[in-house]
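Participant: Numbering (my numbering), first residue to last: 584 to 922.
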Ligand SMILES: [Zn+2]
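Encoded structure:
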């Protein structure tokens with residue numbers, strides 16, 4: 584999601600009563616990452632909702648919307664006027680806390696949801712590379728660190744700012760160069776310190792395949808979130824993009840069953856290139872989800888559908904969701920540049 588646009592939508596929506604906005608409603612997709620009983624450090628656990636806040640989100644979804652399983656998406660897209668209150672709820676990445684906290688809360692409210700897993704991480708339990716980088720930026724001792732493909736990083740005060748700036752530069756690298764950079768950060772942090780941080784922040788541990796099967800058995804639809812959790816932008820080779828689309832589908836199909844849906848890692852304008860969505864189409868997925876804001880009826884391209892990322896606190900979803908259509912012009916413009 585474009586931060587500026589999201590803020591503008593939120594600001595406008597929060598000043599209007601939900602009853603005024605409801606008739607403007609259009610079907611939409613929203614997503615989260617993980618849910619923890621307690622967040623110890625919001626800088627390191629920025630991907631996770633606190634259980635109480637997530638319950639409040641689930642309650643609003645239940646009371647204000649028709650939350651539908653992804654199998655209904657085709658029917659909704661064919662007749663969006665008839666499905667103004669339709670919402671598709673999704674989780675990305677595949678964190679183990681989905682099985683513990685999210686699944687419990689969503690079952691309490693009887694809400695269907697889908698989970699998009701980055702299959703290499705489910706295969707190996709290797710942490711998300713950007714999470715490792717964030718741990719380095721936030722917790723490495725102050726000093727100067729030569730990091731492959733990024734230069735000499737100077738860490739002192741203002742760690743959160745450094746983390747945001749350097750993570751953006753890291754994300755722009757192709758996967759092989761990013762791996763070298765993250766390996767240098769791991770080495771600089773030291774395996775002992777890293778092990779202690781990973782033990783402290785279990786929130787970012789990935790599910791195993793048997794655990795993904797448990798979620799599937801509870802009715803959760805399983806889609807692919809690429810093989811590795813890294814952007815599918817233009818710095819990547821064609822072979823890499825093809826593998827991300829095809830291998831993730833093969834892994835889900837081998838372990839779980841049919842895999843019809845894809846969500847792009849990070850999923851914003853800087854993270855998805857033309858060849859990425861074409862590979863997703865050619866790999867046989869029926870739909871692909873980005874993280875641009877918009878309503879589902881606006882999407883001309885079924886492999887570049889909009890999706891709204893739920894913030895840690897969402898006190899006014901009844902107003903916010905109908906206002907998501909304000910992002911449609913930008914979404915369509917972006918789809919045109921990638922066509
Ligand atoms: Zn992700």
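The C-beta atom is built at its ideal place from N, Cα and C for all residues, glycine as well.
(1) Can you say whether residue 832 is buried or exposed, counting buried as having 16 or more other CB atoms within 10 angstroms of its CB?
(2) Just reading off the beta strand (DSSP E) that residue 805 is part of, what are its end residues?
(3) Applying the 10 Å Cβ sphere with the 16-neighbour rule, what's the burial state of residue 758?
(4) Any idea what DSSP makes of residue 692, helix, strand or coil?
(5) Starting from the C-beta of residue 810, find all residues in its chain whose C-beta is less than 8 angstroms away, skip the five residues before and the five after it, and write them out in chain order.
(6) Applying the criterion that 16 or more other CB atoms from any shown protein chain within 10 Å of the CB defines a buried residue, is residue 775 buried or exposed?
(7) Checking 8 angstroms against the spacing of the C-beta atoms, do residue 814 and residue 762 come in under that value?
(8) With H, G and I counted as helix, E and B as strand and the rest as coil, what does DSSP make of residue 847?
(9) Around ligand 1, what residues have a beta-carbon under 7 angstroms from a heavy atom of it, in chain order?
(10) Taking the beta strand (DSSP E) that residue 677 belongs to, which residues open and close that run?
(11) Would you kindly work out how many angstroms separate the C-alpha atoms of residue 670 and residue 878, rounded to a whole number?
(12) Are residue 857 and residue 873 close, meaning C-beta to C-beta below 8 angstroms?
(13) Could you compute how far the alpha carbon of residue 841 sits from the alpha carbon of residue 710?
(14) So within the segment 699-783, which uninterrupted beta strand (DSSP E) runs reach at least 3 residues, ignoring any that extend past its ends?
(15) Measuring alpha carbon to alpha carbon, tell me which residue in 880, 905, 920 and 908 is nearest residue 660.
(16) What did DSSP end up calling residue 697 once you bin it into helix, strand or coil?
(17) So, for residue 818: in the same chain, excluding its five sequence neighbours on each side, which residues have a beta-carbon less than 6 angstroms away from its beta-carbon?
(18) Would you give the residue range spanned by the alpha helix (DSSP H) that residue 858 belongs to?
(19) Is residue 716 buried or exposed, if buried means 16 or more other CB atoms sit within 10 Å of its CB?
(20) Got a sec? Which residues, its chain only, sit under 6 angstroms from residue 900 by beta carbon, not counting five neighbours each side?
(21) Spatial neighbours of residue 760 within its chain, please: C-beta separation below 6 angstroms, excluding the five flanking residues on both sides.
(22) By DSSP, does residue 612 sit in helix, in strand, or in coil?
(23) Give me the Cα-Cα distance between residue 792 and residue 674, rounded to the nearest whole angstrom.
(24) Does the pairing of the segment 800-808 with the segment 764-784 give three or more beta-carbon distances under 8 angstroms?
(25) In chain order, what residues of the same chain have a beta carbon less than 6 angstroms from the beta carbon of residue 921, not counting five sequence neighbours either side?
(26) Counting along the chain, where does the alpha helix (DSSP H) carrying residue 870 start and finish?
Facilitator: In brief:
(1) The residue given as residue 832 occupies position 249 in the chain shown. The residue is buried, with at least 16 neighbouring Cβ atoms inside 10 Å.
(2) To locate residue 805, count along the chain shown from 1; it is residue 222. 804-807 is the span of the beta strand (DSSP E), which, as asked, contains residue 805.
(3) Locating residue 758 in the chain shown gives position 175, where the first residue counts as 1. Its Cβ being crowded by 16 or more others within 10 Å, residue 758 is buried.
(4) Position 109 of the chain shown holds residue 692. The answer is coil: DSSP assigns residue 692 none of H, G, I, E or B.
(5) Residue mapping note: residue 810 aligns to position 227 of the chain shown, counting from 1. Once the five neighbours on either side are set aside, the close Cβ partners of residue 810 are 701, 702, 703, 826, 827, 830, 831 and 834.
(6) Counting from one through the chain shown, the residue named residue 775 turns up at place 192. Counting Cβ neighbours within 10 Å, residue 775 comes out exposed, since fewer than 16 surround it.
(7) Within the chain shown, the letter at position 231 stands for residue 814. Within the chain shown, the letter at position 179 stands for residue 762. No.
(8) Looking up residue 847 in the chain shown gives position 264. The answer is coil: DSSP assigns residue 847 none of H, G, I, E or B.
(9) 616, 675, 676, 701, 808, 812, 848 and 849
(10) Looking up residue 677 in the chain shown gives position 94. No beta strand (DSSP E) contains residue 677, which DSSP labels as neither H nor E.
(11) Counting from one through the chain shown, the residue named residue 670 turns up at place 87. Counting from one through the chain shown, the residue named residue 878 turns up at place 295. Roughly 10 angstroms separates the two Cα atoms.
(12) Counted from its first residue, the chain shown places residue 857 at position 274. Counted from its first residue, the chain shown places residue 873 at position 290. Between residue 857 and residue 873, the CB-CB gap reaches or exceeds 8 angstroms.
(13) Against the chain shown, residue 841 aligns to sequence position 258. Against the chain shown, residue 710 aligns to sequence position 127. Taking the straight line joining both Cα atoms gives about 26 angstroms.
(14) 726-730 and 734-738
(15) To locate residue 660, count along the chain shown from 1; it is residue 77. Residue 880 is the option with its Cα nearest to residue 660.
(16) As a working mapping, residue 697 is identified with position 114 in the chain shown. Residue 697: strand per DSSP, three-state reduction.
(17) As a working mapping, residue 818 is identified with position 235 in the chain shown. Once the five neighbours on either side are set aside, the close Cβ partners of residue 818 are 757.
(18) Residue mapping note: residue 858 aligns to position 275 of the chain shown, counting from 1. Residues 857-865.
(19) Within the chain shown, numbered from 1, the residue matching residue 716 stands at position 133. Buried: at least 16 other Cβ atoms inside 10 Å.
(20) Within the chain shown, the letter at position 317 stands for residue 900. So the qualifying residues of the chain are 643.
(21) Against the chain shown, residue 760 aligns to sequence position 177. So the qualifying residues of the chain are 732.
(22) Position 29 of the chain shown, counted from the start, is the residue given in the question as residue 612. The answer is strand: DSSP assigns residue 612 an E or B state.
(23) Residue mapping note: residue 792 aligns to position 209 of the chain shown, counting from 1. Residue mapping note: residue 674 aligns to position 91 of the chain shown, counting from 1. Their Cα atoms are separated by approximately 16 angstroms.
(24) no
(25) Residue 921 sits at position 338 when you count from the first residue of the chain shown. For residue 921, where only same-chain residues beyond five positions count, the Cβ hits under 6 angstroms are 857.
(26) Stepping through the chain shown from its first residue, residue 870 is reached at position 287. Segment 870-872 is the beta strand (DSSP E) holding residue 870; no alpha helix (DSSP H) there.
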